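In what follows, a single structure is set out as structure tokens and then discussed.
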Amino acid sequence: MNRARADAFSQLGNRTFDLLIIGGGATGCGIARDAALRGFSVALVEKDDLASGTSSKSSKLIHGGLRYLEHAQFKLVFEGTNERALLLKRAPHLVRPLPFLVPAYKESRPGLLKLDVGLWIYDGLSRFSSYKLHKTYRGRKVHEIEPLLRTEALKGGIVYYDCMTDDARLTLESALDARALGAQILNYTRVISLTRDGDRVVGAEVEDRESGSRSSVRARVVVNSTGPWSDKVRGLVGETAILRPTKGVHLVLDSARLDIQHAVVMMGRRDHRVVFAIPWGDRTVLGTTDTDFDGDLDHVYATAADVDYLMETANHYFPTAKLVAGDVLSTWAGLRPLVAPNKASASESDTSREHHVIERPGFITIAGGKLTTFRRMAAEVVDRAGEQLGRVPPSGTAERPFPGAVDVAGDEGMDRIRAQLGARGLSQRTAHHLAQTYGARAAKVAERAANDHSAGAPLDGETPYLAAEVDEAVEHELARTVGDVLSRRVPLLLRGRDQGLAASVTVAARMGKLLEWDEARRKLEVERYAAIVEESRRFKK
Ligand SMILES: Cc1cc2nc3c(=O)[nH]c(=O)nc-3n(C[C@H](O)[C@H](O)[C@H](O)COP(=O)(O)OP(=O)(O)OC[C@H]3O[C@@H](n4cnc5c(N)ncnc54)[C@H](O)[C@@H]3O)c2cc1C
Numbered sequence: 001m002n003r004a005r006a007d008a009f010s011q012l013g014n015r016t017f018d019l020l021i022i023g024g025g026a027t028g029c030g031i032a033r034d035a036a037l038r039g040f041s042v043a044l045v046e047k048d049d050l051a052s053g054t055s056s057k058s059s060k061l062i063h064g065g066l067r068y069l070e071h072a073q074f075k076l077v078f079e080g081t082n083e084r085a086l087l088l089k090r091a092p093h094l095v096r097p098l099p100f101l102v103p104a105y106k107e108s109r110p111g112l113l114k115l116d117v118g119l120w121i122y123d124g125l126s127r128f129s130s131y132k133l134h135k136t137y138r139g140r141k142v143h144e145i146e147p148l149l150r151t152e153a154l155k156g157g158i159v160y161y162d163c164m165t166d167d168a169r170l171t172l173e174s175a176l177d178a179r180a181l182g183a184q185i186l187n188y189t190r191v192i193s194l195t196r197d198g199d200r201v202v203g204a205e206v207e208d209r210e211s212g213s214r215s216s217v218r219a220r221v222v223v224n225s226t227g228p229w230s231d232k233v234r235g236l237v238g239e240t241a242i243l244r245p246t247k248g249v250h251l252v253l254d255s256a257r258l259d260i261q262h263a264v265v266m267m268g269r270r271d272h273r274v275v276f277a278i279p280w281g282d283r284t285v286l287g288t289t290d291t292d293f294d295g296d297l298d299h300v301y302a303t304a305a306d307v308d309y310l311m312e313t314a315n316h317y318f319p320t321a322k323l324v325a326g327d328v329l330s331t332w333a334g335l336r337p338l339v340a341p342n343k344a345s346a347s348e349s350d351t352s353r354e355h356h357v358i359e360r361p362g363f364i365t366i367a368g369g370k371l372t373t374f375r376r377m378a379a380e381v382v383d384r385a386g387e388q389l390g391r392v393p394p395s396g397t398a399e400r401p402f403p404g405a406v407d408v409a410g411d412e413g414m415d416r417i418r419a420q421l422g423a424r425g426l427s428q429r430t431a432h433h434l435a436q437t438y439g440a441r442a443a444k445v446a447e448r449a450a451n452d453h454s455a456g457a458p459l460d461g462e463t464p465y466l467a468a469e470v471d472e473a474v475e476h477e478l479a480r481t482v483g484d485v486l487s488r489r490v491p492l493l494l495r496g497r498d499q500g501l502a503a504s505v506t507v508a509a510r511m512g513k514l515l516e517w518d519e520a521r522r523k524l525e526v527e528r529y530a531a532i533v534e535e536s537r538r539f540k541k
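Taking my numbering, the leading residue of the sequence shown gets 1, the next gets one more, and so forth.
Encoded structure:
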């Protein structure tokens, strides 16, 4: 395993790639997949783990963005809802419909009538491709479908459908597909400088963060898809800063503390921003905040003020829950790589969510945008790169299933996978979990679990994760550290009651066998993981 990675790194310097992509988030991995599918030679380098930046810190919604209608951003909603329909088809294991409830109170703006009109526009812009059309409830009926909601002055509510995903896995599957199509994908490989020939960018100097080795990579086009880090990479060739990053925080609670059936759309108590309470299996997620950020891009965490803001809003809508900071099991925080508005006066929430592509010879920066539209954004960037390369074959990603969706058509396909896993003797819960996580690849993970007793064991007492998934993460999903596994492949960091601290020892032992770690390295991995957990708990200090 270590040799394969060392070989891949040493090969980076042996040829000139059509595209060198910097950044392995949703955007970069989407670009790698699209470009490889069009027959371009591709290398992608990521300084950390795939999806370790914003692409594992989102609200995990695949949505048109109902609130963008308020600013008449019809194009954004049209693109979002249409991508939602497409991803639902091409990645049904990772993208699932989720009902949203917008409660309307006497003081709510917009009121029920205006909301209803807005949702007809929302459904219309999606070309009526929503899982179900929206439905209006009047009076106390809303309370029947979501009993914990505050009843005082409740006038009604509307239920509509968007989708929920696993952002880190969606990103990972793009990378795995790109790799299967011939792209070189290297995580823990950082760009330290860009190479120029006159005004043209012709490659980059990269560093393997594991061995410290360096290599010069030549490329006809270099793509900067580094999200919140975009300005740092642009600065390497003297380009101006374009970003206004904002921080968004999410809190994870035990669903027993706030048991909801719909994603409830709330208005922030202090600023009237949209905040969600989202059901997430046996957890409930509250998020998000939106505040300007000028700290260390590599260390973004929830503060006590972030927790207060979200708790205050949730307690207003769900007064009987009486939530307190002690109910928070875990947090995640990320940066929106938003492009700065021209108007200095625009608020954080008003800053455009649209993506921007900025080009110069041999160098393309893409920043902003959404997880939902990453496939579309990627296609646009590869078109632009193709123009520089002298050929623009059509993008094929709209038709291509993600790796876990090969031969899996919609709900029926998913039911078949679950039934096949059940027939192997797996419990309903495990079968459901493996099907939703790996789709068509679930049988392979189940096989690992069946072939080795220890691999079939659960990683902790409460969640359905299996030890076999650790092996799959290392051998097939490019995981290099305990943090990679427990944060993004088997996310006990977010879902585990102890955030995976106990399991980290087992994970280090399993990874150590496969990656030939000595005892000191295993210990170091467990310590580093504890530091990640600690950072997510800093709001307690
Ligand atoms: C709080 C929050 C909630 C959100 N919710 C949603 C949502 O529900 N739905 C939605 O559609 N969108 C949502 N978004 C937006 C969405 O998450 C982002 O638009 C998307 O993930 C950005 O992906 P990216 O690939 O551009 O950036 P990133 O995921 O940050 O990837 C950039 C990568 O570049 C790497 N990198 C940086 N410098 C270097 C270097 N020198 N060399 C090599 N690699 C480097 C970084 O390590 C990083 O992994 C949300 C964003 C936030 C912050």
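Glycine included, each C-beta is placed from N, C-alpha and C at the ideal position.
Note that the structure is predicted; figures quoted are calculated from it, not measured.
Given a cut-off of 9 Å on the beta-carbon distance, is the pair valine 543 and aspartate 34 in contact? In the structure as shown, the chain begins at 1 and stops at 541. Residue 543 is therefore absent and cannot be evaluated.
What is the DSSP secondary structure of lysine 247, counted as helix, strand or coil? Indexing the sequence shown from 1 puts residue 247 at position 247. Of the three classes helix, strand and coil, the one that applies to lysine 247 here is strand, per DSSP.
Suppose you measure from the CA of arginine 169 to the CA of arginine 489; what does that come to, to the nearest Å? Here residue 169 refers to the residue found at position 169 of the sequence shown. Here residue 489 refers to the residue found at position 489 of the sequence shown. CA-to-CA, the gap between arginine 169 and arginine 489 works out to about 7 Å.
Are three or more beta carbon pairs between the region 464-471 and the region 441-456 nearer than 8 Å? Yes: at least three Cβ pairs fall under 8 Å.
If we count the other Cβ atoms within 10 Å of its Cβ and call it buried at 16 or more, is histidine 272 buried or exposed? Against the sequence shown, residue 272 aligns to sequence position 272. The residue in question, histidine 272, is exposed, as its Cβ has fewer than 16 Cβ neighbours within 10 Å.
Looking at C-alpha atoms only, which residue of Val275, Leu501, Ala256 and Ile532 is the closest neighbour of threonine 313? Taking the first residue of the sequence shown as position 1, residue 313 is located at position 313. Val275 is the residue among Val275, Leu501, Ala256 and Ile532 whose C-alpha sits nearest the C-alpha of threonine 313.
When the Cα atoms are used, what is the spatial distance from threonine 365 to lysine 132? Residue numbering aside, residue 365 sits at position 365 when the sequence shown is read from its first letter. Residue numbering aside, residue 132 sits at position 132 when the sequence shown is read from its first letter. Those two C-alpha atoms are separated by around 37 Å.
Return yes when the C-beta of proline 228 is under 8 Å from any heavy atom of ligand 1, and no when it is not. Here residue 228 refers to the residue found at position 228 of the sequence shown. Yes.
Just to confirm, does glycine 25 get its C-beta within under 8 Å of one of the non-hydrogen atoms of ligand 1? By 1-based counting over the sequence shown, the position of residue 25 is 25. Answer for glycine 25: yes, Cβ within range of ligand 1.
Contact belief for arginine 522 with alanine 509 at Cβ below 8 Å, rounded distance in angstroms: As a position in the sequence shown, residue 522 is number 522, starting the count at 1. As a position in the sequence shown, residue 509 is number 509, starting the count at 1. Their Cβ separation, rounded to whole angstroms, is 7 Å, which keeps arginine 522 and alanine 509 in contact under 8 Å.
Of the listed residues Pro361, Cys29, Pro337 and Gly483, nearest to alanine 178 (C-alpha basis): Reading the sequence shown from its first residue, position 178 is the one you call residue 178. Here the closest residue by C-alpha is Cys29.
DSSP on proline 361, reduced to helix/strand/coil? Here the question's residue 361 lines up with position 361 in the sequence shown. Note: proline 361 maps to coil in three-state DSSP.
Return yes when the C-beta of alanine 409 is under 8 Å from any heavy atom of ligand 1, and no when it is not. Within the sequence shown, numbered from 1, the residue matching residue 409 stands at position 409. No - ligand 1 has no heavy atom lying nearer than 8 Å to the Cβ of alanine 409.
Between aspartate 337 and ligand 1, is there a pair consisting of the residue's CB and a ligand heavy atom that are separated by less than 8 Å? Along the sequence shown, read from residue 1 onward, the residue named residue 337 stands at position 337. The identity of residue 337 in the sequence shown is proline, whereas the question assumes aspartate. With a cut-off of 8 Å, the C-beta of proline 337 is classified as near ligand 1, since at least one heavy atom of the ligand falls inside that distance.
Beta-carbon gap between glycine 369 and valine 202 smaller than 9 Å: Residue numbering aside, residue 369 sits at position 369 when the sequence shown is read from its first letter. Residue numbering aside, residue 202 sits at position 202 when the sequence shown is read from its first letter. Judged by beta-carbon spacing, valine 202 lies beyond the 9 Å limit of glycine 369, meaning their Cβ atoms are not closer than that value.
Assign valine 285 to one of two classes, buried (16 or more other C-beta atoms within 10 Å of its C-beta) or exposed (fewer than that). Your numbering for residue 285 matches position 285 in the sequence shown. Valine 285 is classed as buried because its beta carbon has at least 16 other beta carbons within 10 Å across all chains shown.
Look at alanine 91 and proline 401 and say whether their C-beta atoms are less than 9 Å apart. Here residue 91 is taken as the residue at index 91 of the sequence shown, counted from 1. Here residue 401 is taken as the residue at index 401 of the sequence shown, counted from 1. Closer than 9 Å, so yes.
Using the Cα positions of lysine 513 and glutamate 387, report the straight-line distance between them to the nearest angstrom. One-based indexing of the sequence shown puts residue 513 at position 513. One-based indexing of the sequence shown puts residue 387 at position 387. Rounded to whole angstroms, lysine 513 to glutamate 387 spans 46 Å at the Cα level.
Identify which residue in Leu44, Cys163 and Asp48 has its Cα closest to the Cα of alanine 85. The count along the sequence shown starts at 1 and reaches residue 85 at position 85. Looking at the Cα atoms, Cys163 is the closest of the given residues.
State the start and end residues of the unbroken alpha helix (DSSP H) segment that holds asparagine 315. For the purposes of this step, residue 315 is taken as the residue at position 315 of the sequence shown. In the DSSP annotation of this structure, the continuous segment of the alpha helix (DSSP H) that includes asparagine 315 starts and ends at 304-317.
Whole-angstrom distance between lysine 322 and aspartate 254, CA atom to CA atom: Residue mapping note: residue 254 aligns to position 254 of the sequence shown, counting from 1. Residue mapping note: residue 322 aligns to position 322 of the sequence shown, counting from 1. Spanning the two alpha carbons is a distance of roughly 13 Å.
Contact test: alanine 178 Cβ vs ligand 1 heavy atom, cutoff 8 Å: Within the sequence shown, the letter at position 178 stands for residue 178. Flag unset: Cβ of alanine 178 not near ligand 1.
Answer yes or no: do isoleucine 62 and leucine 338 have a C-beta to C-beta separation smaller than 9 Å? For the purposes of this step, residue 62 is taken as residue 62 along the sequence shown, with counting starting at 1. For the purposes of this step, residue 338 is taken as residue 338 along the sequence shown, with counting starting at 1. For the pair isoleucine 62 and leucine 338, the CB atoms are not nearer than the 9 Å cut-off.
Simplified DSSP assignment, three categories, for phenylalanine 17: Within the sequence shown, the letter at position 17 stands for residue 17. Per DSSP, reduced to three states, the secondary structure at phenylalanine 17 is strand.
Take the Cβ of serine 345 as the centre, count every other Cβ of all protein chains shown within 10 Å, and call the residue buried at 16 or more, exposed below. Residue mapping note: residue 345 aligns to position 345 of the sequence shown, counting from 1. Because the pLDDT of serine 345 is 40, which lies under 50, any placement of that residue in the model is unreliable, and the question is left without a value.
Nearest to proline 103 by CA position, among Pro97, Arg96, Leu194 and Leu113, is which residue? Translated into positions along the sequence shown, residue 103 becomes position 103. Selected option, being the one with the closest Cα: Leu113.
Helix, strand or coil at phenylalanine 128 according to DSSP, with G and I counted as helix: The count along the sequence shown starts at 1 and reaches residue 128 at position 128. Reduced to three states, the DSSP call for phenylalanine 128 is coil.
Check: alanine 558 C-beta below 8 Å from any heavy atom of ligand 1: Outside the displayed span of the chain (1 to 541) sits residue 558, for which this structure offers no information.
Give the DSSP bridge partners of valine 201, in chain order. As a first step, residue 201 is located in the sequence shown; it is residue number 201 there, counting from the start. Beta-bridge pairing by DSSP links valine 201 to Arg196.
Let me confirm a value: isoleucine 31 is counted as buried when at least 16 other C-beta atoms fall within 10 Å, else exposed. Which label applies? Residue 31 sits at position 31 when you count from the first residue of the sequence shown. Note on isoleucine 31: 16 or more other CB atoms within 10 angstroms of its CB, so buried under the neighbour-count rule.
Check whether asparagine 2 and glutamate 477 have beta carbons under 9 Å apart: For the purposes of this step, residue 2 is taken as residue 2 along the sequence shown, with counting starting at 1. For the purposes of this step, residue 477 is taken as residue 477 along the sequence shown, with counting starting at 1. No.
Report yes if the C-beta of glycine 203 is less than 8 Å from at least one heavy atom of ligand 1; otherwise report no. In the sequence shown, counting from the first residue as 1, residue 203 sits at position 203. No, ligand 1 has no heavy atom inside 8 Å of this Cβ.
Which residue wins for smallest C-alpha separation from arginine 448, given the options Gln436, Ala473 and Glu462? To locate residue 448, count along the sequence shown from 1; it is residue 448. Out of Gln436, Ala473 and Glu462, Ala473 has the C-alpha closest to the C-alpha of arginine 448.
Do aspartate 34 and ligand 1 come close, with the Cβ less than 8 Å from some heavy atom? Numbered from its first residue, the sequence shown carries residue 34 at position 34. No, the beta carbon of aspartate 34 sits no closer than 8 Å to any heavy atom of ligand 1.
Is glutamate 46 near ligand 1 - that is, is its Cβ less than 8 Å away from at least one heavy atom of it? In the sequence shown, residue 46 corresponds to position 46, counting from 1. Distance from the C-beta of glutamate 46 to the nearest heavy atom of ligand 1 is below 8 Å.
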